[in-house]
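So the structure is just underneath, and the comments pick up after that.
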Amino acid sequence: PMYFLLSHLAFVDFSFTSSVTPNTLVNFLCEVKSITFYACAVQVCCFITFVVCEQYLLSIMAYDRYVAICNPLLYVILMPRKLCNQIIASMYIYGFTVGLVQTVATFHLSF
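Residue numbering for the sequence shown is -17 to -1, 1 to 94, as defined by mature numbering (1 follows the signal peptide of the UniProt record, and there is no 0).
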């Protein structure tokens, strides 16, 4: 499970930076430095989703390391592969839900 969680951390970190970097590079190269309203909403939603997923995953990994160090003989029983899959699925669902709610709430404000 440790390497399984690390692979998801790598994916979340890559996605986290990839949600903002392309638009930043375009703004450096072009004279017109604007973004459409919908593109901004998608970028904010992706950014918040991956930030929440990363924080959730780091807390899962802290518990995983705690179990591995303090209960090494029970590690396989306490952290089975099925539980790890369920935790990762709930992480992505929770992250997307929070990102969507925050984005919708933000863009319902009057500017």
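No residue lacks a Cβ here, since even glycine has one placed at the ideal position from N, Cα and C.
{"Asked": "Alpha-carbon spacing of V27 relative to V81, whole angstroms", "Found": "11 Å"}
{"Asked": "Nearest-angstrom Cα separation, counted from T19 out to Y(-15)", "Found": "39 Å"}
{"Asked": "Test item: CB-CB of H(-10) and L41 under 8 Å", "Found": "no"}
{"Asked": "Integer Cβ distance of C67 from L(-13), believed to fall under 8 Å", "Found": "7 Å"}
{"Asked": "Alpha-carbon spacing of Y58 relative to D47, whole angstroms", "Found": "9 Å"}
{"Asked": "Range of the contiguous alpha helix (DSSP H) that encloses F90", "Found": "64 to 90"}
{"Asked": "Coil, strand or helix - T(-1) by DSSP", "Found": "helix"}
{"Asked": "Sub-8 Å separation of T4 and G78 beta-carbons", "Found": "no"}
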